[in-house]
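The structure appears below as structure tokens.
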Amino acid sequence: MRHRPRGLLPILACSLTALSIVIIMPVAIAQQTKSAKPKSSTRRVTKPRPYLHAPAVNEYAKHDPSGTTILPEGKLLKPVGRAVPLAQWPHGLAIAPDGKTLFVPSEGVGQTITDWDTTAAQTKELPTGLDEAKKRKPNAGGCVFSPDGKTLFWSGGENGAIYLFDAAARTLIAEVSLNGELAGRKWSDSDAIDIALSADGKFLYCADVTNFRVAVIDVEARKMVG
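Sequential numbering from 5 applies to the sequence shown in my numbering.
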């Protein structure tokens with residue numbers, strides 16, 4: 005008859021005890037680690053700024069004539085000197101020969117600025133005398149004074165015309181269209197953009213972007229000749 009080994013039970017008991025120790029120890033360590041975890045702080049954590057960013061960082065666009073203006077793209081603008089408010093979308097500039105008067109064409113609005121280099125600068129809108137109901141306001145930035153400063157030329161943009169103003173009286177004195185027949189060719193849908201005067205002031209040159217040409221105007225005759 006076989007006999008059960010006497011040492012089996014002690015060995016089995018020791019194995020179970022060791023297994024219990026192995027299982028219990030990780031649980032105890034995990035509980036100890038969890039209890040030792042620092043409490044979450046209620047302080048607000050500021051995220052680090054990106055390495056590349058606009059100068060304004062996280063500030064909104066604003067207009068500050070007496071300080072620093074923030075542009076929509078985040079750039080900072082702080083002009084040196086004094087700023088002169090103008091109409092919306094200014095896109096041209098002409099200086100009278102005497103240097104005392106500026107003309108700035110905007111979207112359908114022309115403004116003259118007198119004594120612009122002093123603290124007494126005055127801005128006035130130039131009346132066009134055009135039929136506003138037909139939306140014939142000039143909308144281009146081409147402008148130039150005659151050599152004697154008496155006449156101001158302003159391109160009409162989509163109107164396809166050049167407007168002549170009496171600079172002193174601030175009144176419209178003539179309108180020269182770039183549309184019409186010339187040398188056997190008919191021009192239409194002209195878009196008068198940039199302009200320039202000849203050195204003697206006798207001819208005015210205008211870039212007609214619709215027809216891909218430079219139109220020539222006889223200033224004295226007030227008509228298109230080329």
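Even for Gly, the Cβ is constructed at its ideal location relative to N, Cα and C.
Can residue 148 and residue 201 be called in contact, C-beta distance under 8 Å?
With contacts defined by Cβ atoms closer than 8 Å, residue 148 and residue 201 form a contacting pair.
Compute the beta-carbon to beta-carbon distance between residue 179 and residue 165, rounded to the nearest angstrom, for a pair I have assumed lies under 8 Å.
Here residue 179 really is in contact with residue 165; their C-beta atoms are around 5 Å apart, less than 8 Å.
Would you mind sorting residue 159 into buried or exposed? The rule is 16 or more other CB atoms within 10 Å of its CB.
Residue 159 is buried by the Cβ-count criterion.
Among residues of its own chain, excluding the 5 on either side of residue 4, which ones have a beta-carbon nearer than 8 Å to its beta-carbon?
Any question about residue 4 goes unanswered here, given that the chain covers just 5 to 230.
I believe residue 214 touches residue 193 by the beta-carbon criterion, under 8 Å. Please report the beta-carbon distance rounded to the nearest angstrom.
Indeed they touch by this definition, with Cβ atoms about 5 Å apart.
If contacts are defined as beta-carbon pairs under 8 Å, then residue 97 and residue 106 qualify, I think. What distance do you get, rounded to the angstrom?
Residue 97 to residue 106, Cβ: 7 Å. Contact.
Looking at the secondary structure, which residues open and close the beta strand (DSSP E) in which residue 170 lies?
165-170 is the extent of the beta strand (DSSP E) around residue 170.
Going by the CB atoms, is the gap between residue 112 and residue 163 shorter than 8 Å?
No. Outside cutoff.
Apart from the five residues on each side of it in sequence, which residues of its chain come closer than 7 Å, Cβ to Cβ, to residue 75?
Take residue 75, set aside five residues on each side of it, and the residues of its chain with a beta-carbon closer than 7 Å to its own are 65, 81, in chain order.
Closer than 6 Å by C-beta to residue 30: which residues in its own chain qualify, once you throw out the five before and the five after it? Chain order, please.
The pLDDT assigned to residue 30 is 47, lower than 50, so where the model puts this residue is not dependable, and the model offers no usable value.
Reducing DSSP to helix, strand and coil, say where residue 125 ends up.
Residue 125: coil per DSSP, three-state reduction.
Return the chain-ordered list of same chain residues with a C-beta closer than 8 Å to the C-beta of residue 88, the five sequence neighbours on each side being excluded.
Spatial neighbours of residue 88 in its own chain (CB-CB distance under 8 Å, excluding positions within 5 residues in sequence) are listed in chain order as 117, 120, 125, 127.
Starting from residue 196, follow the beta strand (DSSP E) in both directions and report where the run begins and ends.
Per DSSP, the unbroken beta strand (DSSP E) holding residue 196 starts and ends at 196-201.
Reference residue 68; option with closest CA among 203, 100, 103, 86
Comparing Cα-Cα distances from residue 68 to each of 203, 100, 103, 86, the minimum goes to 86.
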